[in-house]
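J.: Protein chains in written order, with our numbering: chain U, 1 to 288; chain Y, 1001 to 1269.
Before I ask anything, here is the structure I am working with.
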Amino acid sequence: MKPFINAKGLVHEYSRRDEEGNVTGINRALDGIDIEVKAGGFIAVLGANGSGKSTFAKHLNALLVPTEGTLYVDGMDTSEQKNNLPIRRTAGMVFQNPDNQIISNVVEEDVGFGPENMGVPTEEIWRRVEESLKSVGMYEYRKDSPNHLSGGQKQRIAIAGIMAMKPKCIVLDEPTAMLDPSGRKAVIKTVKELNKKENITIILITHYMEEVTGADYVYVMSEGQVKMKGTPRQVFARSEELAKYRLMVPEVTKIALGLSKKGINIPKDILYPEELTDILLKIKSGVL
Amino acid sequence: MIRDITIGQYYATESIIHKLDPRVKVVCTFAYIISLFCFNQLSGYIIAALFFWCITKLSKVPFKFIVRGIKPILFMLVFTALLNLFWTSGEHILIKYGVITITAEGVKRTIFMALRLVFLIIGSSLMTLATTPNQLTDAIEKLLRPLNKLKVPVHEVAMMMSIALRFIPILVEETDKIMKAQLARGADFESGNIFHRIKSMAPIIIPLFVSAARRATDLALAMDARCYNGGEGRTKMKPLKYKKQDIIAYLIMLLYITVIIIAGKYLPF
């Protein structure tokens, strides 16, 4: 099967300019990225600040185009301008700051903004708005002003706004960076549900390791390159390497690693607190 | 004080006024504002006030929300009032003290001018409270559509207005935050003469502009990502269509204007 997203040797360079606009230097934000994503998958891209992960996200939506290399989204070349709109219909994008991506003063009107731009007929817009607000659990707020909602709620509205465009894929560029822990949980839960129930391909860009435990596959980026890849378990087991890229494994994994260093027979790739409790109980009762 | 601006603050409730076509509300608000300048006697103000009171009741917007809109322009109001008070010449001099002369005509004009300004502000406040900014810009877009032929970018301007309205509360909140942050670091916005105080605003204005520019970039990206491509080929989630109630509203407005004009001509006071 052809991959849904296919990046080959993707390079992106930003030029630095002085006040007169002369190029003074070139920053290589992406340096030869190869990533393949299957349709319906849940992929996480991890990276510290400045690792190039947001630049990569913007490529997926054709907001930026490759300097070198190619990127295909659902078979469409992002470097061709005529593909811009079809790509944006296929891959929706949720940004970091919830306030800066909400256009309207009423929740339902904001969710309808995308479909309006796409020229969807009126009745269909209403149907989509209702559907997508329900799928993120924000239907009862449809008449409210986004200004009265919490960060997590606003971010779910933004997701609904993308859902209403019926994309095959949603790219989330650090959607939880500005949220409190409860808002973060709600957003990630919503994203996981969309992936499972609606079979939407999810690309989650983040630096919170806890959020990627549910992903099918994880890419770790640093200095514009993919440094590690694998399932969350495979990646988290290599905590020393992760630390090199300024990433911290989740607390549970850290505990398990510490215990295993002390000579206790415990797997290194523990992801969930329940898992750790189970294993510890088994060890205590002498099963392991 | 900065939090009190009501323009652009939609008050969500169900009422006949809220349900009216936004074009009706825009046209009627303009007509109302113009009507305020069509008379110059007490009865006119009474009719204008009564009419406004009825509309407010119908709109179910609490009166205190509407009145809040006056606060930010209080200074301007007092200023124009004083100008009118001292600079109107007339026959019936009430007080004469040095260069200061206050005439009966001046007092009358001051009161009327102030009332006019107040009605003007609360009138437009009521419109923005009862209409979502998006509806408002839809209305303006549709009303100004003929200008498209003259190459005026009507849709773009309407879009900019609606975004500006959306960001007013956010930027107000941000200003508040910046002010508090600067106060916490010992900034002083209150003391000193006027020049000193204007200077001391720089640490507020500059971060505010920087952040507004950043927000604008973010928003532009987000709009791009959501397939925004100008007004062409766009459909509407809430298309504007005149209904029976809108025609009735126009007729009521027409009636009001007629009454005001007749009152202005024939009523003695």
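Backbone N, C-alpha and C define an ideal beta-carbon position, used for all residues, glycine too.
1. To the nearest angstrom, how far is the alpha carbon of N147(U) from that of M248(U)?
2. Taking 8 Å as the CB-CB limit, is N199(U) close to chain Y?
3. Distance cutoff 8 Å, beta carbons only. Does G1069(Y) sit that close to anything in chain U?
4. Taking only runs that begin and end inside the stretch 163-230 of chain U, name each unbroken alpha helix (DSSP H) of 4 or more residues, in chain order.
5. Give me the chain U residues within the contact set of A1012(Y), using Cβ-Cβ distance strictly less than 9 Å, ordered along the chain.
6. So the candidates are M76(U), H12(U), D110(U) and I87(U); which of them puts its Cα closest to the Cα of P98(U)?
7. If the cut is a Cβ gap below 9 Å, which residues of chain Y does Q101(U) touch?
8. Helix, strand or coil for D77(U), going by three-state DSSP, please let me know.
9. Taking C-beta pairs closer than 8 Å, name the residues in chain U that L1165(Y) reaches, listed in chain order.
10. List the residues of chain U that G1233(Y) touches, going by C-beta distances under 9 Å, in chain order.
11. With a cut-off of 8 Å on the beta carbons, I'd call A160(U) and V191(U) a contact; round off their distance for me.
12. Would F95(U) pass as an interface residue toward chain Y - the criterion being a Cβ-Cβ separation below 8 Å?
13. So, does the CB of I125(U) fall closer than 8 Å to a CB anywhere in chain Y?
14. Helix, strand or coil: which one does DSSP assign to Y272(U)?
15. With 8 Å as the threshold, decide whether the Cβ of K1270(Y) is near any Cβ in chain U.
16. Entirely within the stretch 100-157 of chain U and at least 4 residues each: give me those alpha helix (DSSP H) ranges in chain order.
17. Of all the CB atoms in chain Y, is at least one closer than 8 Å to the CB of N61(U)?
18. Flag I1170(Y) as yes if its beta-carbon sits less than 8 Å from any beta-carbon of chain U, otherwise no.
19. Quick one: Cα of D1246(Y) to Cα of D1021(Y), how far?
20. Whole-angstrom Cβ separation of L1284(Y) and L63(U), contact assumed at under 8 Å?
21. To the nearest whole angstrom, what separates the beta carbons of S1089(Y) and T1103(Y), a pair I think is in contact under 8 Å?
22. Just mark E1014(Y) as buried or exposed, buried being the case when its beta carbon has 16 or more other beta carbons within 10 Å.
23. Return the chain-ordered list of same chain residues with a C-beta closer than 8 Å to the C-beta of I1122(Y), the five sequence neighbours on each side being excluded.
24. Whole angstroms is fine: what's the gap from N1040(Y)'s alpha carbon to N1084(Y)'s?
25. Return yes when the Cβ of M1161(Y) is within less than 8 Å of the Cβ of K1025(Y), no when it is not.
26. Can you check DSSP and say which residues form a bridge with E36(U)?
27. Quick check: is the beta carbon of R1215(Y) nearer than 8 Å to any beta carbon in chain U?
28. Near A1249(Y), what residues of its chain come up, given a Cβ to Cβ distance below 6 Å and the 5 sequence neighbours on each side ignored?
29. Rounded to whole angstroms, how far is the Cβ of I87(U) from the Cβ of E36(U), which I believe are closer than 8 Å?
30. Under the three-state reduction of DSSP, which class applies to V94(U): helix, strand or coil?
T.: Judging by the given coordinates:
1. Position 147 of the first sequence, counting from 1, holds the residue named residue 147(U). Position 248 of the first sequence, counting from 1, holds the residue named residue 248(U). If you take the alpha carbons of N147(U) and M248(U), they lie about 33 Å apart.
2. Here residue 199(U) is taken as the residue at index 199 of the first sequence, counted from 1. Interface criterion not met: the Cβ of N199(U) is under 8 Å from no Cβ in chain Y.
3. Translated into positions along the second sequence, residue 1069(Y) becomes position 69. So no, G1069(Y) is outside the interface.
4. Those alpha helix (DSSP H) runs which fall completely within the stretch 163-230 of chain U and span 4+ residues are 181-197.
5. Translated into positions along the second sequence, residue 1012(Y) becomes position 12. Neighbours of A1012(Y) on chain U, chain order: V106, K143, D144 and S145.
6. Stepping through the first sequence from its first residue, residue 98(U) is reached at position 98. Nearest option by C-alpha distance: D110(U).
7. Indexing the first sequence from 1 puts residue 101(U) at position 101. For the C-beta of Q101(U), the chain Y residues within less than 9 Å are, from N- to C-terminus, D1218, L1219, L1221, A1222, M1223, A1225 and R1226.
8. Counting from one through the first sequence, the residue named residue 77(U) turns up at place 77. Three-state DSSP puts D77(U) in a strand.
9. Working through the second sequence from its first residue, we reach residue 1165(Y) at position 165. Under the 8 Å cutoff, chain U gives N105.
10. Within the second sequence, residue 1233(Y) is the residue found at index 233, counting from 1. N117, M118 and G119, listed in chain order.
11. Translated into the one-based positions of the first sequence, residue 160(U) becomes position 160. Translated into the one-based positions of the first sequence, residue 191(U) becomes position 191. Under the criterion of beta carbons closer than 8 Å, A160(U) and V191(U) do not qualify as touching, at roughly 12 Å.
12. Along the first sequence, read from residue 1 onward, the residue named residue 95(U) stands at position 95. Chain Y contact via Cβ: present.
13. Taking the first sequence and counting its residues from 1, one reaches residue 125(U) at position 125. Answer yes: the Cβ-Cβ gap between I125(U) and chain Y drops below 8 Å somewhere.
14. As a working mapping, residue 272(U) is identified with position 272 in the first sequence. In the structure shown, Y272(U) sits in coil (DSSP, three-state: anything other than H, G, I, E or B).
15. Lying outside 1001 to 1269, the shown extent of chain Y, residue 1270(Y) is not represented and no answer is given.
16. 107-111, 113-118 and 122-135, all fully within the stretch 100-157 of chain U.
17. Residue 61(U) sits at position 61 when you count from the first residue of the first sequence. It does; some Cβ of chain Y falls within 8 Å.
18. In the second sequence, residue 1170(Y) corresponds to position 170, counting from 1. It does; some Cβ of chain U falls within 8 Å.
19. Numbered from 1 along the second sequence, position 246 holds the residue referred to as residue 1246(Y). Numbered from 1 along the second sequence, position 21 holds the residue referred to as residue 1021(Y). Taking the straight line from one Cα to the other gives about 6 Å.
20. The structure shown does not extend to residue 1284(Y), since chain Y is modelled only from 1001 through 1269, so no value can be given for it.
21. Taking the first residue of the second sequence as 1, we reach residue 1089(Y) at position 89. Taking the first residue of the second sequence as 1, we reach residue 1103(Y) at position 103. Their Cβ separation, rounded to whole angstroms, is 7 Å, which keeps S1089(Y) and T1103(Y) in contact under 8 Å.
22. As a working mapping, residue 1014(Y) is identified with position 14 in the second sequence. Exposed: under 16 other Cβ atoms inside 10 Å.
23. Reading the second sequence from its first residue, position 122 is the one you call residue 1122(Y). These residues qualify, in order along the chain: F1052, I1066, V1067, G1069 and I1070.
24. As a working mapping, residue 1040(Y) is identified with position 40 in the second sequence. As a working mapping, residue 1084(Y) is identified with position 84 in the second sequence. Roughly 15 Å separates the two Cα atoms.
25. Indexing the second sequence from 1 puts residue 1025(Y) at position 25. Indexing the second sequence from 1 puts residue 1161(Y) at position 161. The answer is no: Cβ separation not under 8 Å.
26. For the purposes of this step, residue 36(U) is identified with residue 36 of the first sequence, where counting begins at 1. N6(U), per the DSSP bridge assignment.
27. By 1-based counting over the second sequence, the position of residue 1215(Y) is 215. Under the Cβ criterion of 8 Å, R1215(Y) is counted among the residues facing chain U.
28. In the second sequence, counting from the first residue as 1, residue 1249(Y) sits at position 249. Closer than 6 Å at Cβ, skipping near neighbours: L1020 and V1024.
29. For this step, residue 87(U) is matched to residue 87 along the first sequence. For this step, residue 36(U) is matched to residue 36 along the first sequence. Actually they do not touch by this definition, with Cβ atoms about 17 Å apart.
30. Taking the first residue of the first sequence as 1, we reach residue 94(U) at position 94. Annotated three-state conformation of V94(U) is strand, per DSSP.
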